[in-house]
Every structure is written in C-alpha cells, then in structure tokens.
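Here the structure is laid out as structure tokens; the discussion comes afterwards.
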Amino acid sequence: MKNKKIIGLAAAFVVVAAAVLTVIIGNRYMTSKEPEDMTGETIVTTESTFERHITYNGTSYTYNPNLKICLFLGVDTTGEVNIEEHPGAAGQADSIILFVMNTETEETTMLQISRNTMVDVDVYGYDGKKIYEAKAQLALQYGYGDGKTRSSWLMKQRVSELLDGIPIDSSLAMNIDGITVATDLIGGVTLTIPEDYTDIDPSFEKGATVTLQGEQAERYVRYRDITETGSNEGRMERQTQFIQALFSQMKQEGGRSTSFYQTVLDALEDHITTDLSAEDLKALSEYDLTATETVPGGDQEGNLHDEFYVDEDALEQLIVELFYLPD
Numbered sequence: 019m020k021n022k023k024i025i026g027l028a029a030a031f032v033v034v035a036a037a038v039l040t041v042i043i044g045n046r047y048m049t050s051k052e053p054e055d056m057t058g059e060t061i062v063t064t065e066s067t068f069e070r071h072i073t074y075n076g077t078s079y080t081y082n083p084n085l086k087i088c089l090f091l092g093v094d095t096t097g098e099v100n101i102e103e104h105p106g107a108a109g110q111a112d113s114i115i116l117f118v119m120n121t122e123t124e125e126t127t128m129l130q131i132s133r134n135t136m137v138d139v140d141v142y143g144y145d146g147k148k149i150y151e152a153k154a155q156l157a158l159q160y161g162y163g164d165g166k167t168r169s170s171w172l173m174k175q176r177v178s179e180l181l182d183g184i185p186i187d188s189s190l191a192m193n194i195d196g197i198t199v200a201t202d203l204i205g206g207v208t209l210t211i212p213e214d215y216t217d218i219d220p221s222f223e224k225g226a227t228v229t230l231q232g233e234q235a236e237r238y239v240r241y242r243d244i245t246e247t248g249s250n251e252g253r254m255e256r257q258t259q260f261i262q263a264l265f266s267q268m269k270q271e272g273g274r275s276t277s278f279y280q281t282v283l284d285a286l287e288d289h290i291t292t293d294l295s296a297e298d299l300k301a302l303s304e305y306d307l308t309a310t311e312t313v314p315g316g317d318q319e320g321n322l323h324d325e326f327y328v329d330e331d332a333l334e335q336l337i338v339e340l341f342y343l344p345d
C-alpha cells in the first residue's frame with residue numbers, strides 16, 4: 019500500500035445531518051417538479067419500476083404509506099453553489115445517504131449508499147441533450163446536471179432506480195464549505211474516536227473524546243486513502259458515527275425554534291440546494307435515529323477507481339424490510 023494519504027472527494031454534508039436530517043416529516047409529500055434539460059426542454063421521466071404491492075418469498079407485502087424519504091448528498095465542490103452550463107462540471111456526490119422516516123413511529127433509518135456503486139449514468143453533451151448511458155460510479159451522475167436542482171433530481175432518479183423505483187420525496191445537497199458553517203452554528207460535535215486516525219489529525223487518537231469544529235470536522239468525515247481499495251467504507255463508518263453523535267446532541271439540546279432552523283438555512287444558503295423548509299428541519303429534531311443500514315455489496319479495483327457492485331439478492335431483501343409491510 020502506498021504511503022501517500024489523500025483527502026478524498028468530499029462527503030461534505032454530514033456535519034449538518036442532525037440539523038437538516040429526517041426533515042420531510044410534514045403532513046405532505048414534498049414532490050419535485052421534473053426539471054428542464056440544458057436546452058430548456060422538459061425532461062421526460064421513464065416509467066417507474068416502483069410497485070406498491072409485491073410478493074417476496076411467497077409473502078405479500080404493501081408499501082408502507084407512513085414513510086417519507088429524503089436524499090442527502092455531499093458534493094465535492096467549494097465556494098458558492100452556482101449553476102454550471104457544461105455537463106460534467108458540477109462536481110460529484112461523494113456522500114449519498116437516504117433517510118427513511120416513519121411518521122407513525124417518529125423513527126428514522128439511515129441508508130448509506132457507496133459513492134462507488136456502479137449504475138447506468140445518464141451522460142449529457144454540451145448541447146444539454148442526453149447522448150448515452152454509461153456504467154459508472156453513482157457519484158458521477160451529479161456532475162451531469164447543473165450543480166443545483168437538476169443535479170439533485172438526476173441523483174434522485176438513479177438512487178430510486180437502484181432501489182426498485184422507491185419514491186424519494188425530497189433532497190438536500192451541500193458542498194464542502196458548508197461544513198464549517200454548519201458546525202459553528204451548532205457549537206461542534208463531540209464523539210469518541212473509535213480507531214487510530216492520527217494520520218487524519220494528531221488529536222484523533224483511539225479512545226480520545228473530541229469536540230469536532232469546522233475544518234477538523236470536515237477532515238473527519240471527508241478523509242480517505244484513495245490508494246487503498248475499499249477505503250470509502252471506513253469513511254462511511256465515520257460519517258455514520260458523526261451523524262449519530264450529532265443526532266444525540268441535538269436531541270439533548272432540544273427546544274429549538276423554527277427561527278433557529280431558518281437561521282441554519284440562511285447561513286448555508288450559498289452552499290446548499292434543497293426543497294426543505296425551516297419547519298421541516300424543526301420537525302426532524304423530534305425523530306429518533308434508530309437504525310443504520312448500508313446497501314450491500316463489495317468493492318473491486320477498477321481500471322482507474324474502486325467500483326462497488328451491489329449484492330442484488332441481499333438488496334432485494336433490504337428493500338422489503340425497509341419500505342414494505344406484510345399484508
């Protein structure tokens with residue numbers, strides 16, 4: 019293994035996860051309008067593969083009507099989020115997490131999806147027209163949008179397809195610079211370092227209790243050694259730990275007003291793209307993060323980068339468990 023350690027492409031959004039997590043918990047679905055392509059023409063979606071009623075291993079199931087689902091994306095760009103005119107220039111979605119919220123139990127399950135997951139990515143030309151599909155890492159699909167609403171919409175389509183057409187109600191994408199802003203707003207996140215991560219930061223000694231602030235929090239959730247196959251899995255584990263700690267901290271503080279969450283949105287305005295409101299963010303704090311799942315599969319060393327291939331049978335079982343109820 020090479021000695022050179024590289025900070026990987028950003029898993030940027032996780033710092034704000036508890037303040038912006040499980041957030042579409044209103045009494046409605048947040049529907050997303052089909053965007054226009056770069057030529058101004060409306061994109062026509064293909065017929066969904068989603069089935070409300072299914073049979074799995076001889077048992078009938080129905081889609082759980084109490085679920086609200088939100089997609090969070092950590093994007094590897096810096097500075098102010100702007101519309102990109104050229105496909106492929108909008109950055110990559112390095113962190114991809116689906117929050118499955120049950121409005122009946124007020125519980126949330128976090129489903130992590132590897133950015134290296136191999137899927138059929140829609141590739142667009144400079145005229146804004148789709149030219150072909152390519153088997154590529156899921157993270158790349160974000161770049162073929164506009165860096166804002168359309169990029170998020172394309173990612174929602176790919177993630178939904180990966181999960182047999184499960185409907186995704188809303189999304190939030192945040193770039194790297196949003197980390198420092200978000201962490202400062204909540205006063206930092208305290209957690210215990212589970213492994214020796216002193217190669218990331220000298221203070222990240224195994225067993226040490228650290229309050230992560232700003233750039234330090236960014237390093238904790240972003241770092242990976244891209245010379246090592248499968249290094250993204252370790253980063254995903256740190257992201258999960260960070261989000262859980264953030265959840266716990268927000269739950270303990272409690273009592274946040276809607277105006278606080280509006281302050282969060284205002285402070286992050288230049289670094290996020292979302293269709294969520296301050297009321298949605300406030301509702302989030304009342305939900306419990308009860309489980310964390312990962313799309314099953316394994317990494318393989320590709321010609322240029324790691325490639326994650328899904329275990330289709332295991333994923334089918336997970337989809338049934340997360341999204342359906344037995345009849």
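Numbered by our numbering, the letters in the sequence shown go through residues 19 to 345 in order.
Yeah, the Cβ is synthetic: ideal placement off N, Cα and C, and Gly gets one too.
Pop quiz: residue i and residue j are said to be a contact at Cβ under 8 angstroms. What is the actual Cβ separation, rounded to whole angstroms?
i: T210; j: G232; result: Not quite, the Cβ-Cβ distance comes to about 19 angstroms (not below 8 angstroms), so this is no contact.
i: Q130; j: T258; result: 7 angstroms
i: N134; j: H323; result: 7 angstroms
i: L340; j: V118; result: 6 angstroms
Do you know how far the Cα of residue j is from the Cα of residue i?
i: V199; j: Q335; result: 39 angstroms
i: D140; j: Y327; result: 18 angstroms
i: L302; j: S221; result: 31 angstroms
i: L343; j: P212; result: 35 angstroms
i: I204; j: D298; result: 17 angstroms
i: E325; j: E319; result: 6 angstroms
i: Q234; j: G196; result: 13 angstroms
i: S170; j: Y160; result: 7 angstroms
i: V207; j: F260; result: 8 angstroms
i: V239; j: I194; result: 11 angstroms
i: Y142; j: M173; result: 14 angstroms
i: V137; j: D317; result: 14 angstroms
i: L180; j: K147; result: 23 angstroms
i: R237; j: Y215; result: 10 angstroms
i: S266; j: A296; result: 20 angstroms
i: S113; j: A157; result: 8 angstroms
Quick one: does residue i have its CB under 8 angstroms from some CB of chain D?
i: E334; result: The chain labelled as chain D is not found in the depicted structure, where only one protein chain is given.
Determine the extent of the beta strand (DSSP E) in which residue i is found, giving its start and end residues.
i: G92; result: L85 to V93
i: I290; result: I290 to T292
i: T308; result: D306 to T312
Beta-carbon within less than 6 angstroms of residue i's beta-carbon, same chain only, minus the 5 sequence neighbours each way: which residues are those?
i: H71; result: T80
i: A191; result: L91, V93, S170 and T291
Exposed or buried, residue i, counting other C-beta atoms within 10 Å across all chains shown (16 or more means buried)?
i: S178; result: buried
i: D217; result: exposed
i: S132; result: buried
i: T308; result: exposed
i: Y144; result: exposed
Between which two residues does the alpha helix (DSSP H) harbouring residue i extend?
i: V99; result: Note, V99: premise wrong, no alpha helix (DSSP H); not H, not E.
i: A154; result: Run containing A154: none in the alpha helix (DSSP H); it sits in the beta strand (DSSP E), K148 to Q155.
i: S178; result: T167 to L180
i: E223; result: Unbroken run through E223: none, as it is neither H nor E.
Can you name, in chain order, every residue of its own chain whose Cβ lies under 7 angstroms from the Cβ of residue i, other than the five neighbours on each side?
i: E65; result: In this prediction, E65 has a pLDDT of 47, which is less than 50 and means its spatial position is unreliable; nothing more can be read from the coordinates.
Kindly list the residues whose CB is nearer than 8 angstroms to the CB of residue i, restricted to its own chain and excluding five residues on each side of it in sequence; keep chain order.
i: E151; result: D138, V139, D140 and V141
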